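Novice:
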Amino acid sequence: LAKTTQPISMDSYEGQEVNITCSHNNIATNDYITWYQQFPSQGPRFIIQGYKTKVTNEVASLFIPADRKSSTLSLPRVSLSDTAVYYCLVGYMDSNYQLIWGAGTKLIIKP
Amino acid sequence: NAGVTQTPKFRVLKTGQSMTLLCAQDMNHEYMYWYRQDPGMGLRLIHYSVGEGTTAKGEVPDGYNVSRLKKQNFLLGLESAAPSQTSVYFCASRGGLAAHNEQFFGPGTRLTVL
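Heads up: the protein sequence lines correspond to chains A and B, in order. Counting from 1, position 80 in the first sequence corresponds to residue 80 in this note's numbering; the numbering is continuous, with no gaps. If you want this note's numbering, it's the position in the second sequence, counting the first as 1, plus 111.
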């Protein structure tokens, strides 16, 4: 099973760009990389997913280098409401494969 | 479209009592999951279902049972609650075959076992 490593916590300020890097050295050929966001007392929410290179949506960007052993979630111009825990997961195309959730990165945005 | 709902939102049990947590989804998803989340930790999979009438064990199944009699509902049962089962329980569902497809989560049930 692929395992991910993320920083336990990060601080930043409103208006800044925040980059959270996730290491997944044992990622398999068919694994996708998925990021979720979790606010206190809520279930996680899907943010973005990618396989290689760069993916961008209205919320974030995901950068994946050629070797795919790491990935970086980029949040542009964060606000206080971006304070949350962010989880990086890897998983492949097996309908029964269970994604392993690590402890995530607790991001705190300061005014 | 309510998505994924969970009942109840909060519950306090005494050791040895039993209870059932209900999860319902209206997205016609085949796959449903029950997770537990303890303070400062990620989610741990308890049981899951790949379709109506099927269930399977996840990472931490001991002390729990599940049933999926209807496609839209996934029930999690605690037959004899223990303080170690104090946690927040999340239900999730996903569609399609790929394991990396987006999971949709319910709001959670906060359970305290005294």
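Ideal Cβ positions, reconstructed from N, Cα and C, are used throughout, including at glycine. Nothing here was measured: the structure is a model prediction, and the numbers come from that model.
Is the number of C-beta pairs between the segment 49 to 69 of chain A and the segment 100 to 107 of chain A that are closer than 8 angstroms three or more?
Specialist: In short, these stretches do not touch, since the Cβ pair count stays below three.
Novice: Have a look at serine 61 of chain A and glutamine 128 of chain B and give me their C-alpha separation to the nearest angstrom.
Specialist: As a position in the first sequence, residue 61 of chain A is number 61, starting the count at 1. As a position in the second sequence, residue 128 of chain B is number 17, starting the count at 1. Those two C-alpha atoms are separated by around 47 angstroms.
Novice: So with Cβ pairs under 8 angstroms, would you call phenylalanine 216 of chain B a contact of chain A?
Specialist: One-based indexing of the second sequence puts residue 216 of chain B at position 105. Yes, phenylalanine 216 of chain B lies at the interface with chain A (some Cβ there is under 8 angstroms from its Cβ).
Novice: Quick one, which of A:Ile8, A:Tyr13, A:Ser9, A:Glu17 has its alpha-carbon nearest leucine 75 of chain A's?
Specialist: Reading the first sequence from its first residue, position 75 is the one you call residue 75 of chain A. Taking only the C-alpha atoms, the option nearest leucine 75 of chain A is A:Glu17.
Novice: Of all the options A:Ser9, A:Tyr36, A:Asn30, which has the alpha carbon lying nearest to the alpha carbon of lysine 69 of chain A?
Specialist: Position 69 of the first sequence, counted from the first residue, corresponds to residue 69 of chain A. Measuring from the Cα of lysine 69 of chain A, the nearest candidate turns out to be A:Asn30.
Novice: Going by Cα to Cα distance, which pick from B:Val199, B:Arg155, B:Lys125 is closest to leucine 89 of chain A?
Specialist: Residue mapping note: residue 89 of chain A aligns to position 89 of the first sequence, counting from 1. It is B:Arg155.
Novice: Got a sec, what are the start and stop residues for the beta strand (DSSP E) phenylalanine 121 of chain B sits in?
Specialist: Working through the second sequence from its first residue, we reach residue 121 of chain B at position 10. 121 to 124 is the extent of the beta strand (DSSP E) around phenylalanine 121 of chain B.
Novice: Report the neighbours of proline 40 of chain A on chain B: residues whose CB is nearer than 8 angstroms to its CB, in chain order.
Specialist: Numbered from 1 along the first sequence, position 40 holds the residue referred to as residue 40 of chain A. Chain B residues near proline 40 of chain A: none, gap ~10 angstroms exceeds 8 angstroms.
Novice: Counting contacts by CB-CB distance shorter than 8 angstroms, is methionine 143 of chain B in contact with chain A?
Specialist: Along the second sequence, one-based indexing puts residue 143 of chain B at 32. Not an interface residue.
Novice: Any idea what DSSP makes of serine 81 of chain A, helix, strand or coil?
Specialist: In the first sequence, residue 81 of chain A corresponds to position 81, counting from 1. Serine 81 of chain A falls in the helix class under three-state DSSP.
Novice: Is the Cβ of methionine 152 of chain B closer than 8 angstroms to any Cβ of chain A?
Specialist: Here residue 152 of chain B corresponds to residue number 41 of the second sequence, with the count starting at 1. Yes, because at least one Cβ of chain A sits closer than 8 angstroms to the Cβ of methionine 152 of chain B.
Novice: Taking only three categories from DSSP, how would you classify glutamine 214 of chain B?
Specialist: Here the question's residue 214 of chain B lines up with position 103 in the second sequence. Correct three-state label for glutamine 214 of chain B: coil.
Novice: Under a CB-based cut-off of 8 angstroms, is glutamine 49 of chain A close to chain B?
Specialist: Residue mapping note: residue 49 of chain A aligns to position 49 of the first sequence, counting from 1. It does; some Cβ of chain B falls within 8 angstroms.
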